[in-house]
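Comments concern the structure below.
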Amino acid sequence: MLRASLREISAALKEGQVSPTELCQKCLSLIKATRFLNAYITVAEDTALRQAEASEKRYRQGQTLGDLDGIPVAVKDNFSTAGIETTCASNMLKGYVPPYNATVVQKLLDQGALLVGKTNLDEFAMGSGSTDGAFGPVKNPWSYSQQYREKCAQNSSAQNEDTNWLITGGSSGGSAAAVSSFTCFAALGSDTGGSTRNPASHCGIVGLKPTYGLVSRHGLIPLVNSMDVPGILTRHVDDAATVLGVLSGHDPKDSTTVQEPCRLFQLPSLTDIKNLCIGIPKEYNTPELCSETLAVWSKAANLFEKAGAKVIEVSLPHTCHSIVCYHVLCAAEVASNMARFDGLEYGHRSNADKSTEALYAATRREGFNEVVRGRILSGNYFLLKQNYENYFIKAQKVRRLIANDFTKLFSSGVNVLLTPTTLNQTVPYTEFIKEDNRTRSTQDDIFTQAANMAGLPAVSVPSALSKKGLPIGLQFIGRAFHDMQLLTVAKWFEEQVQFPAIQLQGIMDHLDSVSPQEKSAFFS
Ligand code: GLN
């Protein structure tokens, strides 16, 4: 059951092959058995079971709410959830229980979805590894796949499982691990520079960043307001489309959402790609790109070409500036956003109370990690009166140039761009933490960031296994508000590559404490 797609599980629920409570219990027990992944910060067992009971009643009475009724989902812990702790993986918000739901969370619940838990992340979503949060790093479910373990065993210098476990990517690594380990059917992430697509790629699942303005940000604790978008993590492209259909639409509480009424997203099952023009941005072929990823990328381009699509090389001349530009804009918006955490209104309050200033300073030093404090400092520097023009305004101008590159391409007839999602495959934690957070995201967001600058929809699709048996994702970037077209192309590609979810067997083998009967019960 846990292996089913959203549409399949919804049909099984309707036909009574499984009840919402049974399904919820399966997910909850798999969450417990896979605690070692550290994917969840909070498991909302009681709430989820109550929601399951209510859903069960609806099924009995033939009055289901929508496509997600009775289906377990998870939400990144930077979305406000009424009555459920929301921490942003920060000491600053430990114990904070929001009085309201983020619009996207409410929309999931309105469709009858069961919220099984809040997932782990980098503190305030600042990172690309899910290693920099107050609750510890998230482990990639692929760390336990047989093929990867065999490769590690061949390499005598690194036989120890403790040193070999892999990062999930980030910052929505908890959501990616939760979906990749089959503990829920879909999860929300957030994407400001790549935080949904990057962990999706490293965990062998689908990660969608919708067009900016299509999905409400209300209740998503902000990182960079002008780039943040709720992201969707699923195991199938079709599932991402279903969830997008549920989430998208105007929200009076987020003035950046478009006025268009919410359209339902139903992807066609067969796509005629003959009239499609796929652009391959030449700047994305950087010397640092992992050779295996390069090979997968060109194979994908050939696949499209063979099927009759027009595949052309294109240029995005300003994209190379997106990381630098992002660091200025991100820090500036972070400095403003984080000002609200002062020890008076939310979460943590220091005991240092000699003066209001001392209270602010001590609260912020105790509450935020080094990464967050560093960004606040640099952001305030960029925003100083004497620096504002040179940094903030200049970065805004460069951002416009980056966005214009895309507009030009799309208005010249290109429908979708095909690129790698990440420079490298996932790496062991011990290797990842050798670099600091800032240096890492310079590399990790290189292919994902520009889409955020331009507000475009983009999706990472698992495309192949590397020699080490690890997932390699490719990214499709589409025209603004053409999310449906983007997903249709992604779905066609997904059907061609038939990516194997072999991480599942590895996780099952790793669950020593679970009997074979219980293991098979998860999926029967
Ligand atoms: N890695 C980027 C950062 O640290 C992007 C994070 C994100 O998309 N939330 O800012």
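Number 737 in the numbering used here belongs to position 165 of the sequence shown; there are no gaps in the numbering. Positions of the beta carbon are idealized from the N, C-alpha and C atoms, including for glycine.
| field | Spatial neighbours of A967 in its chain, beta-carbon cut-off 6 Å, leaving aside the 5 residues before and after | value | C897, V900 and L901
| query | If you measure from the CB of S743, is any heavy atom of the ligand GLN nearer than 6 Å? | reply | yes
| task | Assign A749 to one of three DSSP states: helix, strand, or coil. | result | helix
| Within 7 Å, strictly: CB atoms of S662 and E695 | yes
| field | Any non-hydrogen atom of the ligand GLN closer than 6 Å to M698 Cβ | value | yes
| task | Identify which residue in D763, Q1068, E587 and A924 has its Cα closest to the Cα of S841. | result | Q1068
| query | Do you know whose CA, among H1082, Y856 and V1086, lies nearest Y716's CA? | reply | H1082
| query | Count the other CB atoms within 10 Å of the CB of Y856; is the residue buried (16 or more) or exposed (fewer)? | reply | buried
| Selection from G638, C596 and S601 that minimises the alpha carbon distance to R622 | C596
| Are V677 and F651 close, meaning C-beta to C-beta below 7 Å? | yes
| Of the choices A759, Y668 and E938, whose alpha-carbon is the least far from that of L819? | A759
| said: For T691 and A867, what's the separation of their Cα atoms in angstroms? | reply: 33 Å
| query | If you draw a straight line from the C-alpha of F1095 to the C-alpha of L574, how long is it? | reply | 5 Å
| message | Taking only three categories from DSSP, how would you classify K666? | response | coil
| request: Determine, using beta carbons only, whether E877 comes closer than 7 Å to chain B. | output: Annotation note: the requested chain B is absent from the structure, which comprises a single protein chain.
| task | Mark Y1001 as exposed unless 16 or more other C-beta atoms lie within 10 angstroms of its C-beta, in which case mark it buried. | result | buried
| said: Once the 5 residues before and after G919 are set aside, which same chain residues still bring their CB inside 6 Å of it? | reply: M664, L665 and Y668
| Between L578 and the rest of its own chain, which residues show a CB-CB distance below 8 Å, the 5 nearest in sequence each way excluded? | D639, L640, I643, F757, A758, T806, H808, D810, D811, T814 and V815
| field | Helix, strand or coil at S1032 according to DSSP, with G and I counted as helix | value | strand
| said: What does the Cβ neighbour count give for I793, buried or exposed, with the cut at 16 atoms within 10 Å? | reply: buried
| request: Taking 7 Å as the cut-off, decide whether the C-beta atoms of S1099 and A750 are in contact. | output: The structure shown does not extend to residue 1099, since the chain spans only 573 to 1096, so no value can be given for it.
| query | By Cβ distance, which residues of its chain are closer than 7 Å to Y720, with the 5 residues on each side in sequence left out? | reply | W714, K1040, G1041 and L1042
| For V590, which three-state DSSP category applies? | coil
| task | May I ask which residues mark the beginning and end of the alpha helix (DSSP H) holding K679? | result | T675 to D682
| task | Could you check if S752 is buried or exposed, using at least 16 other CB atoms within 10 Å of its CB as the buried criterion? | result | buried
| field | Exposure of N909, with buried meaning 16 or more beta-carbon neighbours within 10 Å | value | buried
| task | Tell me, please, whether the region 624-633 touches the region 586-605 by the rule of three or more beta-carbon pairs shorter than 8 Å. | result | yes
| field | Opening and closing residue of the beta strand (DSSP E) in which Y612 lies | value | Y612 to V615
| Closer than 6 Å: S870 CB and nearest the ligand GLN heavy atom | no
| message | On the criterion of 16 or more Cβ atoms from any shown chain inside 10 Å, does P670 qualify as buried, or is it exposed? | response | buried
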